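Numbering (this note's numbering), first residue to last: 1 to 78.
What follows is the structure, encoded as structure tokens:
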């Protein structure tokens, strides 16, 4: 009799754990749109960084430094 009640108690605990796990992983409180929002923020940040980098690289001072660096590298190599 004690063995039967122990098995029943174990079965009930497992049922409770499965139900709890199902609630936690698929429940209504789960944020399903969170990853989409994170991707959107990341994309906007990447675009802003690309625009800033484009502005910096196309400035006359930076273009002159890059041209000087390339000319120096070609002179040393050739």
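Virtual Cβ for every residue (Gly too), placed ideally from N, Cα, C.
Predicted model, so just to flag it, every value in this text is computed and none were measured.
Asked, Found
"Cα-Cα separation between residue 51 and residue 17, rounded to whole angstroms", "51 Å"
"Coarse secondary structure for residue 5, derived from DSSP in three states", "helix"
"Extent of the continuous alpha helix (DSSP H) to which residue 75 belongs", "60 to 77"
"Nearest-angstrom Cα separation, counted from residue 7 out to residue 24", "26 Å"
"Cβ neighbours of residue 62 in the same chain (closer than 7 Å, five flanking residues each side left out)", "56"
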